[in-house]
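J.: Numbering that gives the first Met the number 0 puts the first residue of the sequence shown at 0, with every later residue one more than the last. Cβ coordinates follow ideal geometry from the N, Cα and C atoms, glycine included.
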Amino acid sequence: MTQSNDNIYATKQTVGPFRFDEKVVAVFPDMITRSVPGYEDVIKGIQQLASEYTIENTNCYDLGCSLGAASLAISYGNQKQGVKIYGIDNSEAMIERCRSNIDGFKHKTPISLMNCSIQDTNIENAGFIVLNYTLQFIAQPDRLAILKSIYDGMVSGAVLILSEKIVFEDELINANMIKLHHQFKRDNGYSDLEISQKRNALENVLVPETIKQHIDRLQEVGFQPVCCWNQNLNFASLIAVKP
Ligand SMILES: C[S@@+](CC[C@H](N)C(=O)[O-])C[C@H]1O[C@@H](n2cnc3c(N)ncnc32)[C@H](O)[C@@H]1O
């Protein structure tokens, strides 16, 4: 796949709400690696977790799969027989590009892609589920119901990997983590104009929560245990087990 640099917010513009449209799809790998601290570690970690946690003759789901980075990581990591991977995304442009992206890599566990919303996905016989930086884009009141339907579709012993941008309860730590995140973006070549216009575009579109809110909600659904396995500044990934 040809890699393009993300310069979507490089010029001064009237900023509308952020959408996963063709423009974003064209620069997505560059955008996510330069914007999310620890993204590549999390993808590598998902491969390692898949090697440990996938379950024979069950399904894996990559919900909000974008260009399929986590789907491929599961495919590389999986060691079990009879495992199928389903990549789900409600952006048609993403799924189209994901298809050619996945076809370009040799992978052993089959991946099927579906252009639909997580809310309309029938999750069944699931052994390993990834929600990588996607729940944060779903309206807060809908998040509990989505996690319940994920839980209901999982077999006993299955795991959910939930990665999210987070906020901190302590105001000063939160402000400092945001400052450090902006520095991370500057270090990766984004200008102050790009950082502030992107921030405006994401306002009320990406709504982050605290780790405690995520853990409490996952436990309310029935997951036990729930642990943080990766954190880098204001981005964290949790592992949640269905008993
Ligand atoms: C930040 S990206 C996810 C990155 C990807 N999981 C990865 O690890 O590279 C969020 C993705 O979720 C998709 N998305 C957002 N809301 C969705 C929904 N309700 N159903 C399905 N996909 C959704 C977007 O189209 C976008 O591709």
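Report all residues from its chain with a CB closer than 6 Å to the CB of P36; omit the five preceding and five following residues, and keep chain order.
T.: F183, N231, L232, F234.
J.: Any heavy atom of ligand 1 within a distance shorter than 6 Å of the CB on Y132?
T.: Yes, ligand 1 has a heavy atom inside 6 Å of this Cβ.
J.: Does ligand 1 have even one heavy atom less than 6 Å from the beta-carbon of D88?
T.: The answer is yes for D88.
J.: Indicate the three-state DSSP secondary structure (helix, strand or coil) for V24 in the structure shown.
T.: Three-state result, V24: helix.
J.: In three-state terms, what does DSSP make of Q218?
T.: It is helical.
J.: Please go through the same chain and pick out, in chain order, the residues whose beta-carbon is closer than 8 Å to the beta-carbon of K107, but skip the five residues on each side of it.
T.: Around K107: S74, Y75, N77.
J.: Can you tell which of N89, T120, E39, P242 has its C-alpha closest to the C-alpha of G221?
T.: When each option's Cα is compared against that of G221, the closest is P242.
J.: Kindly indicate the opening and closing residues of the alpha helix (DSSP H) around V41.
T.: 38–52 is the extent of the alpha helix (DSSP H) around V41.
J.: Work out the CA separation of I238 and Q139 for me, nearest whole Å.
T.: So the two alpha carbons sit approximately 20 Å from each other.
J.: Please confirm whether N229 and V41 have their CB atoms less than 7 Å apart.
T.: A contact, by the Cβ cut-off of 7 Å.
J.: What residues in its chain sit with their C-beta under 7 Å from that of G81, if we drop five residues either side in the sequence?
T.: So the list reads E55, N56, once near-sequence residues are dropped.
J.: Can you tell me which of the three DSSP states M0 falls into?
T.: With a pLDDT of 48 at M0, under the threshold of 50, the predicted position of this residue should be treated as unreliable, and no value is reported.
J.: Apply the 10 Å Cβ neighbour rule to S236 and answer buried if 16 or more other Cβ atoms are within range, or exposed otherwise.
T.: By the 10 Å Cβ count, S236 comes out buried.
J.: Would you kindly work out how many angstroms separate the C-alpha atoms of Q46 and M153, rounded to a whole number?
T.: Going from the Cα of Q46 to the Cα of M153 covers about 19 Å.
J.: Please classify F127: does DSSP put it in a helix, a strand, or coil?
T.: Strand, per DSSP.
J.: DSSP three-state label for L171, please.
T.: Note: L171 maps to helix in three-state DSSP.
J.: State the DSSP-derived secondary structure class of D29, mapped to helix, strand or coil.
T.: Reduced to three states, the DSSP call for D29 is helix.
J.: Alpha helix (DSSP H) containing E91: first to last residue?
T.: Start and end: 91–102.
J.: Considering A200, what are the terminal residues of the alpha helix (DSSP H) in which it resides?
T.: 191–201 is the span of the alpha helix (DSSP H), which, as asked, contains A200.
J.: Check the C-beta distance from D61 over to G44 and give it rounded, since I have them as a contact under 8 Å.
T.: So it is not a contact: roughly 14 Å between Cβ atoms.
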